[in-house]
Every structure is written in structure tokens, then in C-alpha cells.
Amino acid sequence: MWEGVSPSPAPEEYRNKMEFSFGDEYKGGPIALGMHKRGSFHDIVNVGQCRIVDEDYRQILGCTLEAAGKSGLPYYHRMRHTGFFRHLLVRKAAKTKEILIDLVTTTQLPYAEQFDWEAWCRRLRELPLTGRITGILHTKNDSVADVVRDEGTDVLYGQDYFYEELLGLRFQITPFSFFQTNSLGAEVLYEKTRDYIGETKDKVIFDLYSGTGTIAQILAPVAKKVVGVEIVEEAVEAARKNAGLNGLDNCSFWAGDVLKVIDELREVPDLIVLDPPRDGVNPKALEKIIGFGVERMVYIACKPTSLVRDLEMLQGRGYRVEKIGGVDLFPGTVHVETCVLLQRRTM
């Protein structure tokens with residue numbers, strides 16, 4: 440039953456996305472760009488030797504920090520709600536090596552007019568990177584919350600997307616698209632999902648909480664039809680676009696709450712894949728999902744406590760756990776993705 444934890448193909452330098460924050464290393468100190476110190480919303484730790492990303496990230500971070508420091512412009516102070524520099528978002532595809540860079544700032548005047556955007560872009564493009572920069576962006580964010588929000592994005596160079604490849608399929612990714620942050624590890628997870636789901640020929644599969652539709656598209660070539668349901672409309676739009684990019688005409692994607700949308704679907708599933716958010720499946724939605732009476736389900740979980748709660752309900756309603764295995768998508772941390780095959784018990 441328990442198959443152990445499958446390792447990430449890359450134990451280091453595995454992340455394809457990082458959000459760095461501006462601040463100071465200590466009160467009144469020089470501007471810093473890195474990660475928040477554990478337990479602090481203010482102090483920033485410079486991460487020039489961070490091992491979960493590759494050298495390209497470190498060069499881009501260093502270049503941007505140097506440009507910010509030379510500008511003399513302030514970082515955004517979240518308590519006073521004043522300042523300019525907020526975050527640096529960097530994404531890099533493991534397969535195509537394409538890179539997207541996004542500097543997130545406020546719109547407070549006169550800072551935006553004083554920063555030398557052209558010089559920053561030029562220095563970035565001159566870096567001896569192993570990857571290729573496909574886009575350099577500027578996102579405005581005046582939100583009080585200390586999170587990256589898109590309140591308008593300008594393309595300073597190239598385009599506002601890049602491509603990644605998983606298991607032979609191609610996916611277009613924008614700055615704020617959801618995508619597993621460990622591309623090579625995601626392939627291990629999706630291969631396990633495809634193995635667990637079993638025979639799919641002439642089967643209709645529901646991919647519930649489908650995100651940008653990666654699992655749906657990986658299963659589509661070997662299924663009759665795959666129906667994805669996802670509450671985030673932008674993710675559904677990305678799923679539809681990528682399905683078209685991959686020439687898959689047997690996928691359909693619906694935007695909305697799983698609890699409501701599954702009542703509106705004409706199709707009846709033969710198999711179901713569940714990949715819910717950290718809080719798991721809404722109990723009322725899970726009742727409806729169980730009501731389909733499918734032979735097999737695959738449940739992918741990122742939070743063990745939510746998984747245990749939902750498995751208890753599934754096992755109490757006629758399903759048994761056939762296989763369970765983990766995938767180490769986050770090497771160097773305590774977190775693991777769990778993949779479970781559930782089989783309906785015969786009466």
C-alpha cells in the first residue's frame with residue numbers, strides 16, 4: 440500500500456519561481472533584496488547563496504539589488520505605506536530555460552520617473568546567464584497587503600510569458616500563472632498520477648480543482664474526454680489556451696466552485712482526479728463526488744491533515760486505499776505531495 444517517497448530529480452536548484460522582497464537587513468540598514476527572516480515581516484535576509492535556485496536567479500537578484508541601491512530610491516515600508524521597491528519575481532523553465540523577470544513597485548511619485556528602467560533592462564540582458572530572458576516586466580502594486588498583486592503590468596522587453604514543457608506537452612506561463620514550482624518533480628508526480636489512474640481508454644475523466652489543467656492535458660491523449668473544473672477564471676483561461684497549444688480537442692474546462700459546477704455538467708465520469716487546495720475538499724462537494732460512484736479516484740494532497748479528514752469520509756462511503764506514495768517536490772523542507780489511489784469496494 441505505502442510506496443514511500445519518490446525523490447525530486449533535482450535535490451538543489453529545483454525551483455522555477457521565486458518572489459524576493461525588498462527591505463533592510465536591520466533597522467536603518469542598507470536596502471536588501473531577498474527573503475523575510477523567519478518570524479519577521481520586516482527584516483530581509485540577502486540570499487545570494489540560496490541553493491534552491493540556480494545561478495541565473497542569483498545573478499538577476501544581484502543585478503537588481505545593485506540597480507536599486509544605486510538609484511537611492513526607498514523600498515516600500517509596509518507600516519508607513521510609503522516607498523517604491525516591493526518585490527522581484529523571477530521564473531525560469533527547467534526544460535526550455537526561458538526566463539521571465541518582473542520588478543514590482545508602487546506607483547508613488549516621483550519614484551517611478553526617477554528609476555532608470557532602460558539601464559536596468561540593459562544590465563539584465565548583458566548578464567552571462569545559462570537561460571534566455573524572454574521578458575522583462577514592471578508590475579504596479581499599491582495594495583496594503585505584503586503580497587505580489589497585479590494592478591497593471593508593462594512589458595519593458597520581450598513578452599509577458601514563457602514556455603515550459605512537461606511530459607512532452609508545452610505550457611505557456613505568465614507572471615502570475617499557477618504552476619508547480621518544481622518542474623522536474625512535477626513530472627514525477629504526474630507520472631505517478633497517470634500510473635495510479637490505470638486504464639483510461641474510452642473513459643471520461645473529471646479533473647477537479649484542475650488549476651491550469653496540467654493533469655487534464657497529460658491524461659487527455661489516453662482518454663476519451665477530460666473535464667476540468669477550477670474556481671480561478673484566469674487558470675481556466677490558461678488551461679484552455681494550453682490545450683489548444685497542445686492540439687488537444689478532448690479537454691473542456693469550467694470555471695466555478697466544484698460544489699456547484701458538477702451539478703451542471705452533462706458528462707458522467709468514469710474516473711476522477713482530485714487535486715484540491717490545502718484545505719482539502721468541501722465536505723458537501725465530496726458527498727457529490729462520492730455519489731458519482733466511479734471505480735477509481737486519485738487524490739493528490741499537499742496538506743496531510745486535510746487528506747486524512749477526506750480519506751476518512753471516502754473510506755466510510757465505500758472506497759478503500761489501494762496505493763499511497765509521496766513525491767518530494769520541495770527538497771530541503773518538511774513538505775511533500777501525497778498521491779493516493781482509491782478503489783471502490785465491491786459489494
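Heads up: the sequence shown runs through residues 440 to 786, numbered per this note's numbering. For each residue, glycine too, the CB sits at the ideal point set by N, CA and C. These figures come from a predicted structure and were not determined experimentally.
Between the stretch 488-500 and the stretch 509-522 there are fewer than three C-beta pairs closer than 8 Å, too few to call the two in contact.
The continuous alpha helix (DSSP H) containing M752 extends over residues 743-755. In the same chain as Q547, and ignoring 5 residues on each side of it, the C-beta atoms closer than 8 Å to its own belong to T521, G522, F523, D581, in chain order. For L725, the enclosing alpha helix (DSSP H) begins and ends at 722-730. In this structure L527 is in contact with T503, their Cβ atoms being roughly 5 Å apart against a cut-off of 8 Å. Sixteen is the threshold: when 16 or more other Cβ atoms of the shown chains lie within 10 Å of the Cβ of E603, as they do, the residue is buried.
Annotation: S447 is outside any beta strand (DSSP E) and is labelled neither H nor E by DSSP.
Annotated three-state conformation of I670 is coil, per DSSP.
With at least 16 other beta carbons inside 10 angstroms of its own, G650 counts as buried. DSSP places A740 in no alpha helix (DSSP H) but in the uninterrupted beta strand (DSSP E) bounded by 735-740.
Excluding sequence positions up to five before and after A558, its CB lies within less than 8 Å of the CB of A506, all in the same chain and listed in chain order. Beta-bridge annotation (DSSP): E776 is paired with V766.
Annotated three-state conformation of S691 is strand, per DSSP.
Using a Cβ-Cβ distance cut-off of 8 Å, the stretch 690-700 and the stretch 663-676 are in contact, since at least three pairs of beta carbons, one from each stretch, lie closer than that value.
When DSSP reads this structure, F459 sits in a beta bridge with L527. DSSP places I572 within a strand segment (E or B) once states are collapsed to three.
When only Cα atoms are considered, F617 and T653 end up about 10 Å apart. When the alpha-carbon of E638 is set against those of R748, S622, M736, Y600, the nearest one is in M736. Taking C-beta separations shorter than 8 Å and ignoring five residues to either side along the sequence, the partners of M440 in its chain run V760, E761, K762, I763, following chain order. Per the coordinates, the alpha-carbon of G508 lies some 23 Å from the alpha-carbon of G574. Following the DSSP letters along the chain, one finds L566 in no beta strand (DSSP E), marked with neither H nor E. T785: not part of any alpha helix (DSSP H); DSSP gives it neither H nor E. DSSP places G473 in the strand class (E or B) of the three-state scheme.
If the five residues before and after V594 are omitted, its C-beta is found closer than 7 Å to the C-beta atoms of G574, L576, all from its own chain and listed in chain order.
Just measuring C-alpha positions, the residue of K579, F601, L563 sitting nearest K536 is F601. DSSP, read as helix, strand or coil, puts L504 in helix. If only complete runs of 3 or more residues are kept, the stretch 582-629 shows the beta strand (DSSP E) at 592-597, 601-605, 608-612, in order along the chain.
The Cβ atoms of P715 and A678 lie no closer than 9 Å to each other.
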